[in-house]
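Engineer: Per the numbering used here, residue 7 is the first one in the sequence shown, and the count goes up by one each step. Sharing a structure with you now.
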Amino acid sequence: MEIKGLVGYRPTVEAVGEVTAPPYDVIKPGTPLENVLKSNDNSLFHITLGPTPKEAMDSLIANGKIILDNEPAFYVYEQNFNGKQRTGVFVAASVSEYAKGEIIRHEKVFDEKVKGRLELSLKTDHSFGPVFLLTKSPISKIMDEIKKTVTPLYDFTTDLKNTSELHGIYNRVFRVSESSPSGQELKKALELNPLYIADGHHRYHTSLLNNQTHFLTYICEDAEILAYNRVINGTKKFSEIKSELNLVKVDKFEMPKKHQFSIYSKDGAYTLDAKNVPTDVVGTLDCSILEKEVYPVLGLTHDMIMDEKHFDYYSGDELDKMMECVDSGKYDIAIALHPVYIDELMAVADAGLKDSNIVMPEKSTFFAPKILSGLFIYRYTQK
């Protein structure tokens, strides 16, 4: 495992707010968020999702919105949101095959899903969105000391006109030269342990297929996983099958305890306890239990999970939106789950090193907030 400082382009201090954008995969066509980003000529959106990415990048350079920075450096990134704070660091980490166990995944990846990202990398010779990694190395104390002693390079609040979960987040970024004592301390700590992919499996897979030596990543020691809840239309109505489930009527639709499901329908809220909790690392996850014990009763199969006619997904802090989906008749029921724990995710990832078929179920983890793209535009090298 090799950790290096980043080289490439970064926004000017004055332009960082208008250049940076949410990750490409959370920008849905026709949404208010897309409209806000499209209307901003200097948004990274025109590179990551626009029709002419190379020209859009050249325009940002020509207009002085992004500047070249060839001194290898790490970027400590602090996000302040809803009274909470998360700090991680942008670095370049060496690309290696999964079997080496240096970069550990917990999801299946598919070559066809990275075609667009690979084309973008090849057209621009740069990477724009980081892979979100977790480490067991003790880097939080090092980053805290950096925040105390280094003046922030960027200090701004994201303004996305209330169209994104990233709107209103207060961001601070601290630039640390790789050659500095703090930079060397970070580098050594990060090279001690394997890195776990939290979010961005297909971004990492792109760097593998692109034969890169290193990839752009954001690494943190602590991260909160939100529940990944779902609204559902079964092939059978909930009202027809609910007598088959051991439901308990409750007053409020809220996040349930572990190995319990909270269900909301037009006739109220219920809880449902798991009947059987397996001991294997995947089977014990609540989303696995839900698929085994509840989906068949609703007439649902695994291949329907990504079908919007049957499922849509919301993070753990969006219960009100889920209830609206049911009240409006768009979906029959809403089901809330308890969040997956970090150690559960790592246990699945570690087991996957011995058996590549062991992966987290789809739509089982949601990391929030997302990480802004464009805080650094990494110039990668190929093997």
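Ideal Cβ positions, reconstructed from N, Cα and C, are used throughout, including at glycine. If you're wondering where the values come from, they're calculated on a predicted model, not measured in any experiment.
Flag this pair as yes or no: are the beta carbons of N217 and Q91 separated by less than 8 angstroms?
Structural biologist: On the sequence shown, residue 217 is found 211 positions in, with the first residue counted as 1. On the sequence shown, residue 91 is found 85 positions in, with the first residue counted as 1. Not closer than 8 angstroms, so no.
Engineer: Count the C-beta pairs between the segment 344–364 and the segment 285–294 that are closer than 8 angstroms, then say yes if the count reaches three, no if not.
Structural biologist: yes
Engineer: Nearest-angstrom Cα distance between D333 and K263?
Structural biologist: In the sequence shown, residue 333 corresponds to position 327, counting from 1. In the sequence shown, residue 263 corresponds to position 257, counting from 1. So the alpha carbons of these two residues sit roughly 24 angstroms apart.
Engineer: Taking DSSP as the reference, what is the three-state secondary structure of L306?
Structural biologist: Taking the sequence shown and counting its residues from 1, the one referred to as residue 306 is at position 300. The answer is coil: DSSP assigns L306 none of H, G, I, E or B.
Engineer: Is the beta carbon of Y234 less than 8 angstroms from the beta carbon of M352?
Structural biologist: The residue labelled residue 234 in the question sits at position 228 within the sequence shown. The residue labelled residue 352 in the question sits at position 346 within the sequence shown. Taking the C-beta atoms as reference points, M352 is found no nearer than 8 angstroms to Y234.
Engineer: Measuring alpha carbon to alpha carbon, tell me which residue in K147, L251, Y210, E108 is nearest L198.
Structural biologist: By one-based count along the sequence shown, residue 198 stands at place 192. Nearest C-alpha to L198: E108.
Engineer: Compare the Cα-Cα distances from E297 to each of V288, H308, V256 and report the closest residue.
Structural biologist: What you label residue 297 is simply residue 291 of the sequence shown in a count that begins at 1. Per the Cα distances, H308.
Engineer: Going by CA-CA distance only, name the one from A98, A280, L139 that's closest to E227.
Structural biologist: Position 221 of the sequence shown, counted from the start, is the residue given in the question as residue 227. The shortest Cα separation from E227 among A98, A280, L139 belongs to L139.
Engineer: Taking the alpha carbon of V97 as the reference point, which residue from A280, G335, V365, F134 has its own alpha carbon closest?
Structural biologist: Numbered from its first residue, the sequence shown carries residue 97 at position 91. For V97, the nearest C-alpha among the options comes from F134.
Engineer: DSSP three-state call for F116: helix, strand or coil?
Structural biologist: Working through the sequence shown from its first residue, we reach residue 116 at position 110. DSSP places F116 in coil when its eight states are reduced to three.
Engineer: Which term fits D257, buried or exposed, when burial requires 16 or more other beta carbons within 10 angstroms of its beta carbon?
Structural biologist: Numbered from 1 along the sequence shown, position 251 holds the residue referred to as residue 257. D257 is exposed by the Cβ-count criterion.
Engineer: Kindly provide the ranges of any beta strand (DSSP E) runs that are 3 or more residues long and lie completely inside the segment 242–282, ordered along the chain.
Structural biologist: 253–256, 266–271, 274–279
Engineer: Would you check if the segment 244–252 and the segment 146–164 touch, i.e. whether three or more CB-CB distances between them fall below 8 angstroms?
Structural biologist: no
Engineer: So, P29 versus L39, is the Cβ gap smaller than 8 angstroms?
Structural biologist: Residue mapping note: residue 29 aligns to position 23 of the sequence shown, counting from 1. Residue mapping note: residue 39 aligns to position 33 of the sequence shown, counting from 1. No.
Engineer: Just to confirm my understanding: we take E8, look at its own chain, exclude 5 residues before and 5 after, and list those with CB closer than 6 angstroms. What are they?
Structural biologist: Along the sequence shown, one-based indexing puts residue 8 at 2. S100.
Engineer: On the three-state DSSP scale, how would you describe R16?
Structural biologist: The residue given as residue 16 occupies position 10 in the sequence shown. Reduced to three states, the DSSP call for R16 is strand.
Engineer: Can you give, in chain order, each stretch of the beta strand (DSSP E) that sits fully within the segment 79–156 and has at least 3 residues?
Structural biologist: Runs found: 90–100, 137–141.
Engineer: Beta strand (DSSP E) containing F180: first to last residue?
Structural biologist: Stepping through the sequence shown from its first residue, residue 180 is reached at position 174. Taken as a continuous stretch (DSSP letters only), the beta strand (DSSP E) holding F180 covers 176–183.
Engineer: Which runs of the beta strand (DSSP E), 3 residues or longer, sit entirely within the segment 174–241?
Structural biologist: 176–183, 201–205, 220–226, 234–238
Engineer: Among residues of its own chain, excluding the 5 on either side of P367, which ones have a beta-carbon nearer than 6 angstroms to its beta-carbon?
Structural biologist: The residue you call residue 367 lines up with position 361 of the sequence shown. Around P367: C293, S294.
Engineer: Which residues does DSSP list as the beta-bridge partners of Y160?
Structural biologist: For the purposes of this step, residue 160 is taken as the residue at position 154 of the sequence shown. DSSP output for Y160 lists V179 as bridge partner(s).
Engineer: By alpha-carbon positions, which one of A357, P302, Y270 ends up nearest to E330?
Structural biologist: As a working mapping, residue 330 is identified with position 324 in the sequence shown. Nearest C-alpha to E330: Y270.
Engineer: Three-state secondary structure (DSSP) at E77?
Structural biologist: By one-based count along the sequence shown, residue 77 stands at place 71. In this structure, E77 counts as strand in the three-state DSSP scheme.
Engineer: From the DSSP output, in three-state form, read off D318 for me.
Structural biologist: For the purposes of this step, residue 318 is taken as residue 312 along the sequence shown, with counting starting at 1. If DSSP states are grouped into helix, strand and coil, D318 belongs with the strands.
Engineer: Take the Cβ of T64 as the centre, count every other Cβ of all protein chains shown within 10 Å, and call the residue buried at 16 or more, exposed below.
Structural biologist: The residue given as residue 64 occupies position 58 in the sequence shown. First, the residue type needs correcting, since residue 64 is Asp and not Thr in the sequence shown. By the 10 Å Cβ count, D64 comes out exposed.
Engineer: Evaluate contact between the segment 102–121 and the segment 204–215, counting only Cβ atoms and requiring at least three cross-stretch pairs below 8 angstroms.
Structural biologist: yes
Engineer: Do the CB positions of H211 and Y386 come within less than 8 angstroms of each other?
Structural biologist: Counting from one through the sequence shown, the residue named residue 211 turns up at place 205. Counting from one through the sequence shown, the residue named residue 386 turns up at place 380. Not a contact, by the Cβ cut-off of 8 angstroms.
Engineer: Does the beta-carbon of G36, which I'm using as the reference point, lie nearer than 7 angstroms to any heavy atom of the ligand NAD?
Structural biologist: No copy of the ligand NAD appears in this structure; indeed no ligand is present at all.
Engineer: Mapping DSSP to helix, strand and coil, what is S379?
Structural biologist: In the sequence shown, counting from the first residue as 1, residue 379 sits at position 373. Strand, per DSSP.
Engineer: Taking DSSP as the reference, what is the three-state secondary structure of Y30?
Structural biologist: Position 24 of the sequence shown, counted from the start, is the residue given in the question as residue 30. It is helical.
Engineer: Alpha carbon to alpha carbon, how far is L74 from G89?
Structural biologist: As a working mapping, residue 74 is identified with position 68 in the sequence shown. As a working mapping, residue 89 is identified with position 83 in the sequence shown. Whole-angstrom Cα-Cα distance: 34 angstroms.
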